[in-house]
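Asker: Dropping the structure in here first, questions after.
4 protein chains.
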Amino acid sequence: MAHELQTAVLGATGYSGFELARILTRHPRLKAPLLLRREGSEGGAASLDELYPHLMGQGAFALEPFSWERMSAAGVELLFLATPHELSRELVPEALRRGLRVVDLSGAWRLKQAANRAIYTFKDADATVAAELDAEAVFGAPELHRDEIAKARLVANPGCYATSVILALAPLGRAGLIDQDHGVICDAKSGVSGAGKTPTAKVHFCEVADNLSAYSLLHHRHLGEILEQVGLKESQVQFTPHLLPIPRGILSTIYVRLARKMTADEVTGVYRDFYCAAPWVRVYANGVPQIQYSVNTNYCDLGVALAADGRRLIVISCLDNLVKGAAGQAVQNMNVMYGYGEREGLE
Amino acid sequence: MAHELQTAVLGATGYSGFELARILTRHPRLKAPLLLRREGSEGGAASLDELYPHLMGQGAFALEPFSWERMSAAGVELLFLATPHELSRELVPEALRRGLRVVDLSGAWRLKQAANRAIYTFKDADATVAAELDAEAVFGAPELHRDEIAKARLVANPGCYATSVILALAPLGRAGLIDQDHGVICDAKSGVSGAGKTPTAKVHFCEVADNLSAYSLLHHRHLGEILEQVGLKESQVQFTPHLLPIPRGILSTIYVRLARKMTADEVTGVYRDFYCAAPWVRVYANGVPQIQYSVNTNYCDLGVALAADGRRLIVISCLDNLVKGAAGQAVQNMNVMYGYGEREGLE
Amino acid sequence: MAHELQTAVLGATGYSGFELARILTRHPRLKAPLLLRREGSEGGAASLDELYPHLMGQGAFALEPFSWERMSAAGVELLFLATPHELSRELVPEALRRGLRVVDLSGAWRLKQAANRAIYTFKDADATVAAELDAEAVFGAPELHRDEIAKARLVANPGCYATSVILALAPLGRAGLIDQDHGVICDAKSGVSGAGKTPTAKVHFCEVADNLSAYSLLHHRHLGEILEQVGLKESQVQFTPHLLPIPRGILSTIYVRLARKMTADEVTGVYRDFYCAAPWVRVYANGVPQIQYSVNTNYCDLGVALAADGRRLIVISCLDNLVKGAAGQAVQNMNVMYGYGEREGLE
Amino acid sequence: MAHELQTAVLGATGYSGFELARILTRHPRLKAPLLLRREGSEGGAASLDELYPHLMGQGAFALEPFSWERMSAAGVELLFLATPHELSRELVPEALRRGLRVVDLSGAWRLKQAANRAIYTFKDADATVAAELDAEAVFGAPELHRDEIAKARLVANPGCYATSVILALAPLGRAGLIDQDHGVICDAKSGVSGAGKTPTAKVHFCEVADNLSAYSLLHHRHLGEILEQVGLKESQVQFTPHLLPIPRGILSTIYVRLARKMTADEVTGVYRDFYCAAPWVRVYANGVPQIQYSVNTNYCDLGVALAADGRRLIVISCLDNLVKGAAGQAVQNMNVMYGYGEREGLE
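Chains as they are written, first to last, in numbering that gives the first Met the number 0: chain A, 0 to 346; chain B, 0 to 346; chain C, 0 to 346; chain D, 0 to 346.
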């Protein structure tokens, strides 16, 4: 283990960033990551364990102000951005110019089609550069883009909901098994950490507990990622997120009409083949996954149920929105980028 | 208010029965209900407030052993059955023979078609009588069958999930607005009290909390009620229940392809017209309901979202599974049966 | 029922205010209450059911800007203040000057001793008037001050924690049964609604769920009320609040050394005698109350356990912080002030 | 790392046993543990991941019927018992006779004084042997008995509540800083997994959610462990457990009168000195711990608050009842018994 990689995290104080810092700190291939703070954020805490006493006694978690020079002096090679979309959009061109590789956890670079990107209303300083990077960025689903990720300068880590749905649909989509005329329904349910750490009325305990609510009906930001990765059109997918009274975890119930009659075993076989080399996807032989099975792990769990007609299929997809849906997948991407084992640091 | 009705409840110790006893005790038109206990149940508690200290100081809640004679002596006219399906199946013929009217909260008498009823595997003592009563029983959705309920001897109170879905689909179904070729998806989520009071592994706190699970995929008991009431075939409806980590409340997310292009206002108008005389259905003009809005009330809340194509419709339906989904609806049925105001005793 | 009282509520948009508006609207002795909004609050919602869709279809809940003239024109006799302490401190002198009676739900007027009041750092416009009103205000625990409340112009509705502890200790304290040399421990646990509706980091779902935390150790605001009402000194009482992962409800576990050896039945007898005319306190003959028994009611539930030595006593006290701990008790105070039945409007 | 230890777990299907199997499977010093099932338990599942799909893809978790011969053939040196008290009482003599070392997670061997043991009503086959083992067994709190544990044949892993309270009181007790005349109050709150996996009415989701309840007032089984380990008499300690609506975690709020006036820093210093060599106890310099900080870790977190009088002390103690309160501590004991690093396998 000659070389140890120096990484940096900007935005370690949010839920995903904290999870990321925790994973990186224990990763056997890495030096202690540099934890960087945006100016003015989190009241200027001097270390992450001031904000998360969970970390006490588990190492040094000093938070430093963001600075290109500091990163350069420390020999940072890989920068993780757990920042707002707009800030990622602003920082990535400079980071690449300085020779850093980047895994961006925001939605800034995930979308290839301008129509899908419109929902974000980015204001790019240099539209030409931005367009080049939109084209260059690799969508960071290792199960779909492993080879490109290995060589990528810029990896756009997928959205949490999007990961859950894309991994459930990709095997069918790529095999031409989705009846596209009929359309796909994605009824997704997520824990509250997916909404971020900022205290808003929506995440007040009394608004979430003992409750369930649907939101962003027909226009959630993650829809574009799903369309592009599965190869469907907006008119063919309905995606409905719901807010669950739990801290973390996503379960997506996905309804597909198969393009041809199949048996349940055939369908399971399609998934098993597709993910035979994917260490972080588990395909259930019997029954369907529940949220609790994958929480606090990097797994995406998939299970299916097929109606007697052999056409109406239900796919259940579960994952932890902060791990496989964010920080864990970011580390998995790093593992692929640097030729480490895909499970390293994530057990 | 010359006459006060004498009612009895068999099975008051379960969650629905307790809710029912609580509502009936406060109902302005009623004498104190007779609370009856099945032999051997609940360790022979002498009164309901031994089991539910919530009731202390709010009246007499004596529990007596079930007996036809006791009911007769007390002048019972209406019997509520909050009993297992099999027991309702057994008791109802005798109850009607004795001149009682019955509101049955179980699934025993809800289904008209033998194929749908097959899921219950009833063993009827007298198949002819049972068949007659299957035909005679009125499905107790007052919004759909008010006139028949008013005259009914036997009202089959709908299932909680079924109520949620049927009230969401009936206005469209009766107006021929559902594209039946395309099919309907009902993705439903329920609190734990819907699973009953018996302690099982499934309802252990640690199995439910921080979790979400789908169950009974493609074959839940309530599907038959939905099909019969909305007028759809099994191949046209997918119903997927999920267990939420909350004590009570149901939210159903229902996906329909409209038979013709409409505007959202038109759709809302269809619902408003259909429920203009229904005091316990609320149609949202803007936005969609959440579970917490209807918990502890007898309301079923409905709201819609329509895609830009004017065809892909999402209906959100919320209610409290123990009130509108069980005890409250049973009392609403009683109100209709006896000509009381439909809101009486339920505010 | 010749006369119907006109009330007004300022601050109906918070959790306590909403609960209050809901109770008052259904109260049989009242006209529809005037719901008043502080300038700039809640984005200028025109009615309470915009903020709480729960209320849809249950009456008119128009919100109007606060105005003395509007209240005068409407014939308001009684003003409920569900406002920040400082605002109550400012408005009450003027309200009384204008002939209104006031039930104040804030902490502004609860404390008689300047030392206890110091924690609030009020800035009174007229210190003399404020001092007079401090003396005149009646602590609104009807179980302790029924006669004074009946005649009061200004009733200071107790704090939620304080109600829970005071009702548990008063019977012992007034009978001289507390060993004052030994001191009293009050270990209290509250649901999140007690922290108010403002979204803060502390009430973010992810900070509360799956968690328990102690806070304000040794210096919570409600300690002063406890000391004054029970007749103890600061050195004799320890009060430790904890934040529970539930929306509502308080359970206080209170440890007392009795001044003399007693039996459990004797102790229960002391409570039963003390509360024999109190319709909203329930004393448990066997066992101890749980939070769920009193949630959504105006009851304070009390139960005791006594060690074999006949001296070490544990009192468990439960109530709903938004009802008996706030809005319900405010209505109970109104009932006493106007000679209504103490249970009216609160069943 | 020449030698790899062969362990076995009897009772791996319960919550503690599952946690234990999971930790042991990843422990760097161990061979895969033998997972043994009591006859008739858990429907004869063939492997642990049938019961806990969480484990899928993480190794082999075959469950085998309990057999001394099987253990012998496999070369088991250390047996973990996650069994009912009575069964541990029965099996341990034979296990020791066969040369195994044992870490017992039940309450069978924790108590030295017959009076404290009386609560368990054990029926020993050979009272003499049992008495010898009662004397020989080492109470498995490594922070208190590290040297004896290192040499022990039989380690009695402490109760979850007991661990929480003992670690909070031992530093004061051993330094003579507890005012014993005054007595100690331990107000403890635990998540539901502490009650075990058996579905009972008490752990039904609807009985626990939105609730808090006190239980076993004045006579909980863990009191004896606390008395013996801290060196106090029954008349000097009150221990009150409460059931929290969370899956896991304990917070104990402990009230002590110090034997002499101290400063908060002095008290913190006493704890820091006492635990200077204890890698799994964290003493907070400022503020107090919350449950979420230690959940899913093997830490016991301690923090204090001291009244202005320098005598009235509150200690807050938090831990995860399944880790530091059960399986994690059992592994920590193993680490001490075999000379491994005390943190190994527990990070």
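Beta carbons are placed, not taken as given, at the ideal position from N, Cα and C, and that holds for glycine.
All values derive from a computational prediction rather than experimental measurement.
#1: Under a Cβ-count criterion, where at least 16 other Cβ atoms within 10 Å of its own Cβ denotes burial, should C/Cys367 be classed as buried or exposed?
#2: Could you give the C-beta distance for D/Asp300 and D/Arg281, rounded to a whole number, given that I count them as a contact under 8 Å?
#3: If you measure between the beta carbons of A/Leu9 and A/Phe65, is that distance less than 7 Å?
#4: I want to verify the contact list: residues of chain D whose CB lies under 9 Å from the CB of B/Phe17, in sequence order.
#5: Just how far apart, CA to CA, sit A/Gly230 and B/Ser189?
#6: Give me the chain A residues within the contact set of D/Arg281, using Cβ-Cβ distance strictly less than 7 Å, ordered along the chain.
#7: Is the distance from the Cβ of A/Thr252 to the Cβ of B/Asp186 below 7 Å?
#8: Going by the CB atoms, is the gap between A/Phe204 and C/Phe204 shorter than 7 Å?
#9: Helix, strand or coil, according to DSSP, for A/Cys185 in the structure here?
#10: Can you check which of these residues, A/Leu99, A/Asp123, A/Arg97, is closest to A/Ala107 by C-alpha distance?
#11: Please go through the same chain and pick out, in chain order, the residues whose beta-carbon is closer than 8 Å to the beta-carbon of A/Met0, but skip the five residues on each side of it.
#12: Span of the beta strand (DSSP E) holding C/Val102?
#13: In chain A, which residues lie with their C-beta within 9 Å of the C-beta of C/His203?
#14: Assuming C/Asn334 and C/Glu343 are in contact, meaning their beta carbons sit under 8 Å apart, how far apart are those beta carbons, in whole angstroms?
#15: Which chain C residues are close to B/Asp319, counting only those with a beta carbon under 9 Å from its beta carbon?
#16: To the nearest angstrom, how far is it from the Cα of D/Glu147 to the Cα of D/Asp48?
#17: Among the candidates B/Leu168, B/Pro246, B/Tyr119, whose CA atom is the shortest distance from the CA of B/Pro267?
#18: Just to make sure I have the definition right: I need the residues of chain D whose C-beta is within less than 8 Å of the C-beta of B/Pro246. Which are they?
#19: Within 10 angstroms of the Cβ of A/Lys323, are there 16 or more other Cβ atoms? Answer buried if so, exposed if not.
#20: Going by DSSP, name the residue or residues bridged to C/Cys299.
#21: Using a C-beta to C-beta distance shorter than 7 Å, which residues of chain D count as neighbours of A/Tyr292?
#22: Under 8 Å: do the region 154 to 172 of chain B and the region 305 to 319 of chain B share three or more Cβ pairs, one atom per stretch?
#23: Report yes if the C-beta of A/Leu243 is less than 6 Å from at least one heavy atom of the ligand SAH; otherwise report no.
#24: Relative to chain C, which residues along the region 285 to 309 of chain B have a C-beta separation below 9 Å, given in chain order?
#25: Would you identify the three-state DSSP class for A/Met0, choosing helix, strand or coil?
#26: Run the CB neighbour count on D/His221, radius 10 Å, all protein chains shown included, and call it buried at 16 or more, exposed below.
#27: State the DSSP-derived secondary structure class of D/Tyr14, mapped to helix, strand or coil.
#28: Ignoring anything shorter than 4 residues, give me the alpha helix (DSSP H) runs that lie fully in the region 227 to 292 of chain B, in order along the chain.
#29: I want to verify the contact list: residues of chain F whose CB lies under 7 Å from the CB of C/Tyr254, in sequence order.
#30: Under 8 Å by Cβ, that's how I've got C/Met336 and C/Val154 pegged, so tell me the actual separation to the nearest angstrom.
#31: Among B/Ile225, B/Phe138, B/Pro32, which has the Cα closest to the Cα of B/Leu4?
#32: Could you pull the start and end residues of the alpha helix (DSSP H) that C/Ala155 belongs to?
#33: Could you give the DSSP three-state label for A/Arg354: helix, strand or coil?
#34: Taking only three categories from DSSP, how would you classify B/Ser87?
#35: If you draw a straight line from the C-alpha of C/Gly43 to the C-alpha of C/Pro244, how long is it?
Answerer: Considering the structure as presented:
#1: Coverage of chain C is limited to positions 0 through 346, which leaves residue 367 of chain C absent and any answer about it impossible.
#2: Going by Cβ atoms, the distance from D/Asp300 to D/Arg281 rounds to 5 Å, so yes, they are a contact pair.
#3: Yes, Cβ-Cβ distance for A/Leu9 and A/Phe65 is below 7 Å.
#4: Per Cβ cutoff of 9 Å: no residues; B/Phe17 is ~11 Å from chain D at best.
#5: So the alpha carbons of these two residues sit roughly 33 Å apart.
#6: Going along chain A in sequence order, the residues near D/Arg281 (Cβ under 7 Å) are Met55, Gly56.
#7: Yes, these two residues count as a Cβ contact at 7 Å.
#8: It is a contact, given that the beta carbons lie within the stated cut-off.
#9: Looking at A/Cys185 - three-state DSSP - the assignment turns out to be strand.
#10: Taking each of A/Leu99, A/Asp123, A/Arg97 in turn and checking the Cα distance to A/Ala107, the smallest one comes out for A/Asp123.
#11: Low per-residue confidence applies at A/Met0: pLDDT is 47, beneath 50, and the placement is therefore not dependable, though the value from the model is reported in the following sentence. Once the five neighbours on either side are set aside, the close Cβ partners of A/Met0 are Pro27, Arg28.
#12: Residues 100 to 103.
#13: What C/His203 touches in chain A: Val191, Lys196, Thr197, Pro198, Thr199, Val202, His203, Phe204.
#14: Right, the Cβ-Cβ distance comes to about 6 Å (below 8 Å), so this counts as a contact.
#15: Among the residues of chain C, none has a CB under 9 Å from the CB of B/Asp319; the nearest is roughly 12 Å distant.
#16: Roughly 36 Å between the two C-alpha positions.
#17: Residue identity differs from the one stated: residue 267 of chain B is Thr in this sequence, not Pro. When only C-alpha atoms are compared, the closest one is B/Leu168.
#18: Residues of chain D passing the Cβ test: Phe204, Cys205, Ala208, Asp209.
#19: Classification of A/Lys323: buried, given that the 10 Å Cβ count is 16 or more.
#20: Paired residues: C/Val280, C/Leu318.
#21: For A/Tyr292, the residues of chain D that pass the 7 Å Cβ criterion are Pro52, His53, in the order they occur in the chain.
#22: Cβ pair count under 8 Å is three or more, so yes.
#23: You won't find the ligand SAH in this model; it holds no ligand whatsoever.
#24: Per Cβ criterion, the list reads Gly286, Pro288, Gln289, Gln291, Tyr292, Ser293, Val294, Asn295, Thr296, Tyr298, Asp300.
#25: The predicted position of A/Met0 is uncertain, since its pLDDT is 47 and thus under 50; no value can be drawn from it.
#26: Here D/His221 is buried. Its C-beta has 16 or more other C-beta atoms within 10 Å.
#27: If DSSP states are grouped into helix, strand and coil, D/Tyr14 belongs with the helices.
#28: Those alpha helix (DSSP H) runs which fall completely within the region 227 to 292 of chain B and span 4+ residues are 263 to 273.
#29: Looking at the structure shown, chain F is missing, and the protein chains on hand are A, B, C and D.
#30: Correct: roughly 7 Å between the Cβ atoms.
#31: Closest by alpha carbon: B/Pro32.
#32: Premise fails: C/Ala155 lies in the beta strand (DSSP E), 153 to 155, not in any alpha helix (DSSP H).
#33: Only positions 0 to 346 of chain A appear in the structure, and residue 354 of chain A is not among them; the question remains open.
#34: In the structure shown, B/Ser87 falls within a helical segment according to DSSP collapsed to helix, strand and coil.
#35: Their Cα atoms are separated by approximately 31 Å.
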